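Trainee:
Number of protein chains: 2
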Amino acid sequence: MTMPHQDQSALFVMDGVKGGHDGMSYSNPKKFRKKKQEVLDIEKLANDVRAGDRTALSKAITLIESSNTEHKEQAQKLLQELLPYTGNAIRIGITGVPGAGKSSFIEAFGTMLCKIGKRVAVLAIDPSSSLSGGSILGDKTRMEELVRQENAFVRPSPSAGTLGGVHKKSRETMLLCEAAGYDVLLIETVGVGQSETYVRGMVDFFLLLVLTGAGDELQGMKKGIMELADGIIVHKADGDNLRPARRTMQEYKQILHFLQPSTPGWLSTALSVSSMEKVGLDKVWDMLMEFEQTVKKTNYWNIRRREQTRDWFHSMITDQLIDSFYGNPERKQQVRKFEDEILHGRLTVTQGVNALFD
Amino acid sequence: MTMPHQDQSALFVMDGVKGGHDGMSYSNPKKFRKKKQEVLDIEKLANDVRAGDRTALSKAITLIESSNTEHKEQAQKLLQELLPYTGNAIRIGITGVPGAGKSSFIEAFGTMLCKIGKRVAVLAIDPSSSLSGGSILGDKTRMEELVRQENAFVRPSPSAGTLGGVHKKSRETMLLCEAAGYDVLLIETVGVGQSETYVRGMVDFFLLLVLTGAGDELQGMKKGIMELADGIIVHKADGDNLRPARRTMQEYKQILHFLQPSTPGWLSTALSVSSMEKVGLDKVWDMLMEFEQTVKKTNYWNIRRREQTRDWFHSMITDQLIDSFYGNPERKQQVRKFEDEILHGRLTVTQGVNALFD
Numbered sequence: 001m002t003m004p005h006q007d008q009s010a011l012f013v014m015d016g017v018k019g020g021h022d023g024m025s026y027s028n029p030k031k032f033r034k035k036k037q038e039v040l041d042i043e044k045l046a047n048d049v050r051a052g053d054r055t056a057l058s059k060a061i062t063l064i065e066s067s068n069t070e071h072k073e074q075a076q077k078l079l080q081e082l083l084p085y086t087g088n089a090i091r092i093g094i095t096g097v098p099g100a101g102k103s104s105f106i107e108a109f110g111t112m113l114c115k116i117g118k119r120v121a122v123l124a125i126d127p128s129s130s131l132s133g134g135s136i137l138g139d140k141t142r143m144e145e146l147v148r149q150e151n152a153f154v155r156p157s158p159s160a161g162t163l164g165g166v167h168k169k170s171r172e173t174m175l176l177c178e179a180a181g182y183d184v185l186l187i188e189t190v191g192v193g194q195s196e197t198y199v200r201g202m203v204d205f206f207l208l209l210v211l212t213g214a215g216d217e218l219q220g221m222k223k224g225i226m227e228l229a230d231g232i233i234v235h236k237a238d239g240d241n242l243r244p245a246r247r248t249m250q251e252y253k254q255i256l257h258f259l260q261p262s263t264p265g266w267l268s269t270a271l272s273v274s275s276m277e278k279v280g281l282d283k284v285w286d287m288l289m290e291f292e293q294t295v296k297k298t299n300y301w302n303i304r305r306r307e308q309t310r311d312w313f314h315s316m317i318t319d320q321l322i323d324s325f326y327g328n329p330e331r332k333q334q335v336r337k338f339e340d341e342i343l344h345g346r347l348t349v350t351q352g353v354n355a356l357f358d
Numbered sequence: 001m002t003m004p005h006q007d008q009s010a011l012f013v014m015d016g017v018k019g020g021h022d023g024m025s026y027s028n029p030k031k032f033r034k035k036k037q038e039v040l041d042i043e044k045l046a047n048d049v050r051a052g053d054r055t056a057l058s059k060a061i062t063l064i065e066s067s068n069t070e071h072k073e074q075a076q077k078l079l080q081e082l083l084p085y086t087g088n089a090i091r092i093g094i095t096g097v098p099g100a101g102k103s104s105f106i107e108a109f110g111t112m113l114c115k116i117g118k119r120v121a122v123l124a125i126d127p128s129s130s131l132s133g134g135s136i137l138g139d140k141t142r143m144e145e146l147v148r149q150e151n152a153f154v155r156p157s158p159s160a161g162t163l164g165g166v167h168k169k170s171r172e173t174m175l176l177c178e179a180a181g182y183d184v185l186l187i188e189t190v191g192v193g194q195s196e197t198y199v200r201g202m203v204d205f206f207l208l209l210v211l212t213g214a215g216d217e218l219q220g221m222k223k224g225i226m227e228l229a230d231g232i233i234v235h236k237a238d239g240d241n242l243r244p245a246r247r248t249m250q251e252y253k254q255i256l257h258f259l260q261p262s263t264p265g266w267l268s269t270a271l272s273v274s275s276m277e278k279v280g281l282d283k284v285w286d287m288l289m290e291f292e293q294t295v296k297k298t299n300y301w302n303i304r305r306r307e308q309t310r311d312w313f314h315s316m317i318t319d320q321l322i323d324s325f326y327g328n329p330e331r332k333q334q335v336r337k338f339e340d341e342i343l344h345g346r347l348t349v350t351q352g353v354n355a356l357f358d
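As given, the protein sequences belong to chains Z and R, one line each in that order.
For the first sequence, position 205 (counting from the first letter as 1) is numbered 205 according to UniProt numbering, and the numbering increases by one without interruption.
For the second sequence, position 265 (counting from the first letter as 1) is numbered 265 according to UniProt numbering, and the numbering increases by one without interruption.
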């Protein structure tokens, strides 16, 4: 139901894709114009992302990461537009202790992939963040060669306030990169306990970078990380370090043999690589291709992805439940009060919980 | 405010510790009598438990495990009475794959402890449950010697419907055993993935039983269990198996050296034991005593227990939130609907969650 009106906003409304606007007044024409433009922007942004425009992709990721309510709505609209074009990349998680050379590996490996025609998107840890353990030389010297590649897209994330550089929006960022046509996704994370399990839950292949000296390396490792890995790379296998690196690789192969495989049907293995001399990078790609072939054959590839999506959904439900529960300041205070009573032995845990929910 | 009344129930009410019964009618005297008796019972039960009466302790555990609403209230009342007398035992979790000989170890170790004057309570897996991996000879031949000891209390739990024989009430059962004066608690669990992490979260010391052949053994092991262990026992170190068991023990010691300790300040170690020949059991007790001394010195003993109680409280809150969310059948149907939409790529995960909570 449109009414004749002199104001331009009315024309916008009449042009609108969705004509129904019952119950709305024309008293705020500016709001209407704004709304209309934003709808167009999201569509354009979606198209630009799909066309492989890197600036558009950056903008889209920023929108996804925004905590502004209006942005959140737009982000979901954008993501829904792009959903049909997602899922076609191989998703690779890369972890390792600080100093293992994650960024130099990604730089060398990504550049090699670009040169053989792959389109590579990297979710990297921002080295300017003090906790990341990244290069102290700053962002500019990081992945210098890779960012110059036409087929590469590097998105740095601050590790502060996140789980080892990975956060709740990383999964959605991955989907955006896939819609933009990237076929290899490298997700960097620094080992901070839970981040590896989290990243394992969103990738197809989980790669662990280590240095020579299996003992020392294992010593510093968080629990169970090795068992999450589909592949281990003994890094910096160059110069005097070449022989020890080969030996370490053998040691890891032996240990991996004892552990349960991270991916059913795939025997996790170890390789030695020099990113500086660019030796062994092709073997890493061969391993990934063999992995993809093996795991797609059993259909576990799709099964895992469905499971990951389902788990994501249910863990977001749980997060939401916990957030709204603890988000209430009065409730929070009550929790603290009961916690105190329990820790002082005046109340059983069950009594505390029952009292909270009464 | 008591009123003269001919019915006997009135006398009960007048005798009641808590006299106030405003708003209640005398139309159901039987209910009143029942209430009164139960109040007395809980107090008596608490006293009997504290006096070390094993029948009372059994009854108390059954009450704790009951899902009847009235029983639940009584159970919490009982537990609160007993709370001041808890916390004085060493809590030991015992795990291992089926066939590792958990029950024969507990039988031999527990009996030895009783003979040196310790009071030992065992939360054991009921072998009549098919999933337990326990003896097929049935309950009677299990821990036969131990149950005859005056200082022992053995409580079997069905493993069906529980996490490897351990369930949500096991923590409260432990508290009851402590109130009853038991100073060593042995909590048996069979490895079913998450049960070990769960048990690790409720004990001071986590003991892993393995057999010879570290490779095979590790192969069958769930992820990360080894890293949870404070000690590993290579079991059945007797006869022809003695030498291989010693070798395996050395292998485990080496592997443990590579892993992060489960308890800060304590270097997890391996021992070889024969429960049949009763060899090495004293070494296990020495290890436990050394552990207690070491960990109490740094105060981590208390810190961990407080953390465990706090975690227990918050995980019960989360459970309660999830239960009430999914417990609603309408909600459950909605979740399934949105899950379907998401898995078919028609909705983003965030949209699905937002729609659910709107």
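Glycine is no exception: its CB is placed at the ideal position from the N, C-alpha and C atoms.
Nothing here was measured: the structure is a model prediction, and the numbers come from that model.
So with Cβ pairs under 8 Å, would you call Z/GLN334 a contact of chain R?
Mentor: no
Trainee: Determine, using beta carbons only, whether R/THR248 comes closer than 8 Å to chain B.
Mentor: Looking for chain B here will not work: the only protein chains present are Z and R.
Trainee: Can you confirm whether R/LEU343, when its beta carbon is compared against all beta carbons of chain Z, has any partner nearer than 8 Å?
Mentor: Interface residue, yes.
Trainee: Buried or exposed, going by whether 16 or more other CB atoms sit within 10 Å of the CB of R/GLN76?
Mentor: Classification of R/GLN76: buried, given that the 10 Å Cβ count is 16 or more.
Trainee: Taking the continuous beta strand (DSSP E) assigned at Z/LEU271, which residues delimit it?
Mentor: Residues 269–272.
Trainee: Taking all protein chains shown into account, decide if R/LYS297 is buried (16 or more other Cβ within 10 angstroms of its Cβ) or exposed.
Mentor: exposed
Trainee: Assign R/THR69 to buried or exposed, taking buried as 16 or more other Cβ atoms, counted over all protein chains shown, within 10 Å of its Cβ.
Mentor: exposed
Trainee: So with Cβ pairs under 8 Å, would you call Z/LEU267 a contact of chain R?
Mentor: Residue contact check for Z/LEU267 against chain R: no CB pair falls below 8 Å.
Trainee: Output yes if chain Z places a C-beta closer than 8 Å to the C-beta of R/PRO261; else output no.
Mentor: Chain Z, which has no Cβ nearer than 8 Å to the Cβ of R/PRO261, makes this no.
Trainee: So, is the C-beta of R/ARG91 closer than 8 Å to a C-beta in chain Z?
Mentor: no
Trainee: May I ask you to report which of helix, strand or coil DSSP gives Z/THR173?
Mentor: helix
Trainee: Starting from the beta carbon of Z/TRP312, find every residue of chain R whose beta carbon is closer than 8 Å, and list them in chain order.
Mentor: VAL349
Trainee: Establish whether the CB of R/THR318 and some CB of chain Z are separated by less than 8 Å.
Mentor: yes
Trainee: With DSSP collapsed to three states, give me the class of Z/ARG119.
Mentor: It is coil, neither helix nor strand.
Trainee: Can you tell me which of the three DSSP states Z/VAL203 falls into?
Mentor: coil
Trainee: The alpha helix (DSSP H) spanning Z/VAL147 covers which residue range?
Mentor: 144–148
Trainee: In this structure, how does DSSP classify Z/PRO264 when only helix, strand and coil are distinguished?
Mentor: coil
Trainee: Rounding to the nearest angstrom, what Cα-Cα distance links Z/LYS30 and R/GLN320 in this structure?
Mentor: Because the pLDDT at Z/LYS30 is just 47, under 50, the model does not fix this residue reliably, and the value given afterwards should be weighed accordingly. Distance from the CA atom of Z/LYS30 to the CA atom of R/GLN320, rounded to whole angstroms, is 47 Å.
Trainee: Who are Z/GLU188's beta bridge partners in DSSP?
Mentor: Z/ILE94
Trainee: By the three-class DSSP mapping on this structure, what secondary structure does R/GLU217 have?
Mentor: Bear in mind that the predicted position of R/GLU217 carries a pLDDT of just 49, short of 50, making it unreliable; the figure below should be weighed with that in mind. Helix at R/GLU217.
Trainee: Okay, do the region 265–277 of chain R and the region 236–253 of chain R touch, 3+ Cβ pairs below 8 Å being the bar?
Mentor: Three or more Cβ pairs drawn from the region 265–277 of chain R and the region 236–253 of chain R lie within less than 8 Å of each other, which places the two stretches in contact.
Trainee: Return the Cβ separation of Z/ARG155 and Z/LEU186 in integer angstroms, given the expectation that the two are a contact with Cβ distance under 8 Å.
Mentor: 10 Å between Cβ atoms; not a contact.
Trainee: Only counting runs of 4 or more residues, tell me where the alpha helix (DSSP H) segments fall wholly within the region 261–339 of chain Z, in order along the chain.
Mentor: 281–297, 300–327
Trainee: Does R/GLY231 come out as helix, strand or coil in the three-state DSSP assignment?
Mentor: strand
Trainee: Measuring straight from C-alpha to C-alpha, what distance separates R/LEU281 and R/LEU288?
Mentor: Rounded to whole angstroms, R/LEU281 to R/LEU288 spans 11 Å at the Cα level.
Trainee: Which stretch, first to last residue, makes up the alpha helix (DSSP H) that contains Z/SER58?
Mentor: 54–65
Trainee: Determine the extent of the alpha helix (DSSP H) in which R/ALA245 is found, giving its start and end residues.
Mentor: 242–258
Trainee: Could you work out which residue in R/ARG119, R/PHE291, R/VAL203 is closest to R/GLY265 when comparing CA atoms only?
Mentor: R/PHE291
Trainee: For R/ARG50, decide whether its Cβ has a neighbour in chain Z, counting only Cβ atoms nearer than 8 Å.
Mentor: no
Trainee: Can you list the residues of chain R that Z/LEU321 reaches, using a CB-CB cut of under 7 Å?
Mentor: LEU321, ILE322, PHE325
Trainee: Return the residue from the list R/ARG200, R/LEU208, R/VAL279 that minimises the CA-CA distance to R/ALA237.
Mentor: Closest option to R/ALA237, Cα to Cα, is R/VAL279.
Trainee: Does the Cβ-Cβ distance between R/PHE109 and R/LEU209 come in under 8 Å?
Mentor: In this structure, R/LEU209 does not lie closer than 8 Å to R/PHE109 by Cβ.
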